[in-house]
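*Asks:* My questions all concern the structure below.
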């Protein structure tokens with residue numbers, strides 16, 4: 007099987023946008039780290055030292071950053087020079103992985119009434135898909151993932167083990183006389199667009215009256231919490247254990263580090279970067295593509311570093 | 007069915023404690039946001055702008071804060087003026103929802119020996135209820151919730167998907183010679199009182215020698231951790247990703263924001279409010295009903311703001 | 007059965023390294039807190055007050071810290087004086103618990119192809135063990151734990167309910183043209199060594215190209231996240247909701263409090279103690295056995311306290 011999926015270095019060069027050239031013969035069937043690479047494996051190198059390790063390894067193909075070329079000691083027919091070596095390596099890995107697993111629904115999965123499953127969907131053991139859910143093509147629901155009723159997934163969505171989608175939001179109305187809390191209606195829905203990937207044991211609440219929405223291509227790590235009515239844009243990245251409170255907006259291309267906290271009704275603007283552990287107060291709007299914010303409360307990195315320095319050197 | 011549950015505006019007015027009056031005819035069968043409201047739906051408004059949106063919508067009933075009445079442009083027979091519009095809206099939603107789901111135990115649930123299940127209990131797919139658990143009336147255990155053996159739930163407790171109740175506490179004794187750790191006995195129990203609601207993938211450990219207890223009416227969000235031997239009072243609110251270390255006490259009516267951390271053997275006093283991300287050191291006692299604490303270590307809001315200002319304007 | 011496992015005080019004294027002496031007759035079959043102790047129960051005391059409570063209780067055996075002896079009012083034949091009373095108490099509890107549960111695989115567990123299960127393994131309800139996993143002797147996989155394919159566990163590993171081991175790491179390559187993210191290959195493995203204990207709903211990712219490894223005797227609390235390629239040493243302790251980003255190292259005997267955050271490619275040195283909520287920046291190396299670090303960014307406790315004081319008393 008691996009032979010069928012094997013690719014020559016000349017084919018790789020075309021695929022990753024490298025120059026045509028005199029490449030080593032042989033066929034690559036897998037990606038690897040230099041320590042475990044043999045002639046069937048491709049490795050990658052972004053820095054000079056990594057390139058030295060790659061050249062010293064038995065790898066059959068080395069995807070190396072073009073910027074390293076001028077300083078490379080000698081030519082090696084295994085090297086394919088590319089603009090973005092790590093990205094090219096990931097591309098190659100996807101190509102070698104070939105077709106996705108065949109569609110399958112594990113016998114222990116529980117599929118509710120009126121569920122629509124697209125072509126090529128893989129449903130793992132112990133998964134629960136509530137009534138009326140719509141699951142797009144080639145989605146992968148891994149072991150014990152739970153979709154509450156009515157959740158909508160686009161195509162190629164990956165939900166890792168134990169993640170819970172469409173849970174009841176945390177909204178209550180307080181009885182001013184007794185101090186008791188009454189659940190505010192949580193009858194909205196959750197929509198996950200195409201190519202979203204969701205980590206293990208992450209939780210995303212459905213909307214209260216409206217909807218919660220996760221935009222196309224957004225990637226979410228493990229143990230993340232996203233509250234009801236949040237709207238996340240496209241290609242957002244959210245690292246582990248970050249929490250976003252209800253009704254907040256995260257715009258396209260924002261990057262949130264681990265353990266970030268975002269209050270209610272806040273906005274993280276397009277392309278904004280929140281450092282690990284940053285905290286955004288309720289109602290705040292953080293703006294500026296490429297701008298890095300840090301600390302609690304989150305402030306521009308420069309300001310954060312100045313505050314730290316002040317604390318030290320008075 | 008919805009016809010049967012429909013209520014007139016005059017009935018709503020009585021129910022929510024509004025004045026009797028000349029209300030619009032028609033029957034309300036559901037609650038909604040203004041954007042999706044038609045004549046069958048009730049909406050609510052707490053502020054002037056929301057009221058304008060509600061009046062412009064097709065909603066059949068508008069639960070509006072009484073304080074907005076003097077400035078309302080004209081009378082509209084759809085408006086029911088109430089002291090607490092959001093609370094009234096939640097009340098109405100519960101009334102319209104009618105009877106809870108019928109009792110049921112999903113075929114894939116695993117119920118241990120000697121378990122007692124009260125009337126009207128709903129047990130979802132993949133739920134595990136350990137031996138000897140006691141589950142009160144009308145509890146709802148959602149998909150894949152786990153109760154370790156011996157956990158006791160009162161009535162109307164809701165456990166969302168993936169939550170784990172009664173897990174082994176994190177207490178170890180260290181061998182001073184080898185540096186190895188030996189589990190301290192974790193043989194206590196976990197008691198959850200009536201009307202507690204617990205979020206998805208939250209974990210609550212059982213007591214070590216004594217018990218862990220969650221008081222009546224307390225509401226806990228997703229991915230919260232509560233350690234062994236903690237005692238939480240009544241009507242406590244705990245937002246997502248907050249963690250409470252072992253043997254701490256949270257008294258009645260306290261409100262903990264998201265990502266709060268509470269050390270061991272600490273006390274969060276009755277009615278205390280901890281802002282998102284606040285940290286309470288082990289052994290500390292935070293006191294003062296209605297007092298707001300913020301930061302790490304947590305301090306009164308005023309002090310926290312002064313500290314922040316000092317850092318900036320020297 | 008408890009009779010068979012009962013031990014006399016003289017036997018206990020030998021076991022925990024106490025002096026031989028004139029101990030009370032009778033047999034102990036369980037450990038307990040003073041409030042619930044009768045003649046069949048052992049309790050422990052580390053401080054004077056606890057000793058008073060223990061002496062006033064009906065406990066049949068009192069494991070007390072030797073350092074309390076000079077001030078003890080009178081001799082009591084129930085007291086066994088030991089160097090480490092809490093450790094001795096934990097030892098006794100383990101001894102009384104006797105043999106581990108018999109090996110068993112719950113009918114609802116899903117065991118993949120080519121899985122190797124050691125002698126005495128207990129697999130709980132709803133557990134999923136992926137293809138090719140190796141599970142050592144006397145491991146306990148509790149309800150709904152998930153092992154992705156190829157995960158390797160040593161002997162006596164405990165995995166609590168809902169924990170996910172071997173999930174896909176959070177590594178992506180960004181397409182600089184489109185801003186879209188492509189999963190970096192996550193094909194490595196996860197190795198958990200002997201005597202590791204893992205809390206409920208914790209997640210540990212497998213390696214990207216290499217491996218993630220958790221060293222022998224390490225204890226991990228609930229809702230912890232450990233990223234791909236992390237290497238944890240022996241007898242490390244990690245409290246709840248702590249997160250360790252990819253490719254970081256935590257050396258032998260380090261202690262991480264709750265909600266700690268460790269960036270990528272960081273090192274927490276042998277024996278280092280990180281206070282609750284501490285944050286270690288990416289690439290940082292924290293060194294010094296027994297050294298306590300606190301705050302974000304983490305700094306030596308003394309420095310952290312000085313910074314706090316400066317903020318207050320200017």
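Chains as they are written, first to last, in our numbering: chain A, 7 to 320; chain B, 7 to 320; chain C, 7 to 320.
For every residue, glycine included, the Cβ atom is placed at its ideal position computed from N, Cα and C.
Computed from a predicted structure; not experimentally measured.
What are the residues that DSSP puts in a beta bridge with residue 254 (chain B)?
*Replies:* BP columns for residue 254 (chain B) are empty, so no partner.
*Asks:* Should the region 65–73 of chain B be regarded as contacting the region 39–51 of chain B, the criterion being three or more beta carbon pairs within less than 8 Å?
*Replies:* yes
*Asks:* Please report the straight-line C-alpha distance between residue 205 (chain A) and residue 200 (chain C), rounded to a whole angstrom.
*Replies:* 27 Å
*Asks:* Are any of the Cβ atoms in chain B nearer than 9 Å to that of residue 269 (chain A)?
*Replies:* yes
*Asks:* Looking only at its chain, what residues have a beta carbon closer than 6 Å to the beta carbon of residue 225 (chain C), apart from the 5 residues adjacent to it on each side?
*Replies:* Residues 203 and 243 of the same chain have their beta carbon placed closer than 6 Å to that of residue 225 (chain C), with the five preceding and five following residues left out of the count.
*Asks:* At 4 residues or longer, what runs of the alpha helix (DSSP H) sit wholly inside the region 38–117 of chain C?
*Replies:* List check, alpha helix (DSSP H) in window: 54–62 and 91–103.
*Asks:* Tell me residue 211 (chain A)'s beta-bridge partners as DSSP assigns them.
*Replies:* According to DSSP, which records beta bridges pairwise, residue 211 (chain A) is partnered with A:173.
*Asks:* Let me confirm a value: residue 257 (chain A) is counted as buried when at least 16 other C-beta atoms fall within 10 Å, else exposed. Which label applies?
*Replies:* buried
*Asks:* Give, in chain order, every residue of the region 36–58 of chain A whose Cβ lies closer than 7 Å to some Cβ of chain C.
*Replies:* 37, 38 and 39
*Asks:* How big is the Cα-Cα spacing for residue 9 (chain A) and residue 108 (chain A)?
*Replies:* Here residue 9 (chain A) scores only 43 on pLDDT, less than 50, and its place in the model should not be relied on; the value that follows carries that caveat. The straight-line gap from Cα to Cα measures roughly 19 Å.
*Asks:* Over what stretch of residues does the beta strand (DSSP E) that includes residue 16 (chain B) continue unbroken?
*Replies:* Element bounds for residue 16 (chain B): not the beta strand (DSSP E) but the alpha helix (DSSP H), 15–21.
*Asks:* Can you check whether the CB of residue 145 (chain B) is closer than 9 Å to the CB of residue 122 (chain B)?
*Replies:* no
*Asks:* Closer than 8 Å, Cβ to Cβ, to anything on chain C: give me those residues from the region 253–282 of chain B, in chain order.
*Replies:* 265, 267 and 269
*Asks:* Does any residue of chain A have a CB that is nearer than 9 Å to the CB of residue 250 (chain B)?
*Replies:* Taking a beta-carbon distance threshold of 9 Å, residue 250 (chain B) does not count as an interface residue toward chain A.
*Asks:* Could you give the C-beta distance for residue 99 (chain C) and residue 37 (chain C), rounded to a whole number, given that I count them as a contact under 8 Å?
*Replies:* 5 Å
*Asks:* Going by Cα to Cα distance, which pick from A:188, A:212, A:79 and A:93 is closest to residue 184 (chain C)?
*Replies:* When A:188, A:212, A:79 and A:93 are compared, the shortest CA-CA separation from residue 184 (chain C) is found for A:93.
*Asks:* Quick one: list the residues of chain B neighbouring residue 100 (chain C), beta-carbon separation under 7 Å, in chain order.
*Replies:* 188
*Asks:* With residue 136 (chain B) and residue 134 (chain A) assumed to form a contact (beta carbons below 8 Å), what rounded beta-carbon distance in angstroms separates them?
*Replies:* Not confirmed; about 20 Å, so no contact.
*Asks:* What's the gap between the Cα of residue 298 (chain B) and the Cα of residue 86 (chain B)?
*Replies:* 34 Å
*Asks:* Answer with yes or no whether the minimum CB distance from residue 211 (chain C) to chain B is below 9 Å.
*Replies:* no
*Asks:* How is residue 148 (chain C) classed by DSSP in three states: helix, strand or coil?
*Replies:* Residue 148 (chain C): coil per DSSP, three-state reduction.
*Asks:* Classify residue 75 (chain B): buried if its beta carbon has 16 or more other beta carbons within 10 angstroms, exposed otherwise.
*Replies:* exposed
*Asks:* Please go through the same chain and pick out, in chain order, the residues whose beta-carbon is closer than 8 Å to the beta-carbon of residue 45 (chain B), but skip the five residues on each side of it.
*Replies:* 32, 64, 65 and 66
*Asks:* Would you identify the three-state DSSP class for residue 36 (chain B), choosing helix, strand or coil?
*Replies:* strand
*Asks:* List the residues of chain C that residue 174 (chain B) touches, going by C-beta distances under 9 Å, in chain order.
*Replies:* 148, 164, 166, 203, 205 and 206
*Asks:* Determine, using beta carbons only, whether residue 306 (chain A) comes closer than 9 Å to chain C.
*Replies:* no
*Asks:* Where are the beta strand (DSSP E) runs, 3 residues long or more, that stay fully inside the region 185–229 of chain C, in chain order?
*Replies:* With a minimum length of 3 residues, the continuous beta strand (DSSP E) runs that stay inside the region 185–229 of chain C are 187–189, 195–198, 209–211 and 217–220.
*Asks:* Please name the residue, chosen from C:190, C:78, C:40 and C:13, that lies closest to residue 104 (chain C) on a Cα-to-Cα basis.
*Replies:* C:13
*Asks:* Using the beta-carbon count (16 or more within 10 Å), is residue 25 (chain C) buried or exposed?
*Replies:* Around the C-beta of residue 25 (chain C), fewer than 16 other C-beta atoms lie within 10 Å, and the residue is accordingly described as exposed.
*Asks:* Give the residues of chain C in contact with residue 90 (chain A), contact being defined as C-beta atoms less than 9 Å apart.
*Replies:* Per Cβ cutoff of 9 Å: 179, 180, 181 and 182.
*Asks:* Counting Cβ pairs, one atom from each stretch, are 3 or more of them under 8 Å apart for the region 165–181 of chain A and the region 110–124 of chain A?
*Replies:* no
*Asks:* Check the C-beta distance from residue 151 (chain B) over to residue 169 (chain B) and give it rounded, since I have them as a contact under 8 Å.
*Replies:* 5 Å
*Asks:* Rounded to whole angstroms, what's the CA-CA distance from residue 127 (chain B) to residue 110 (chain B)? Just pull it up for me.
*Replies:* 7 Å
*Asks:* For residue 261 (chain A), which residues from the same chain have a beta carbon less than 6 Å from its beta carbon, with the 5 sequence-adjacent residues on both sides left out?
*Replies:* 243 and 279
*Asks:* Would DSSP call residue 308 (chain B) helix, strand or coil?
*Replies:* helix
*Asks:* With the cut-off set at 9 Å, would you say residue 259 (chain B) and residue 239 (chain B) are in Cβ contact?
*Replies:* yes
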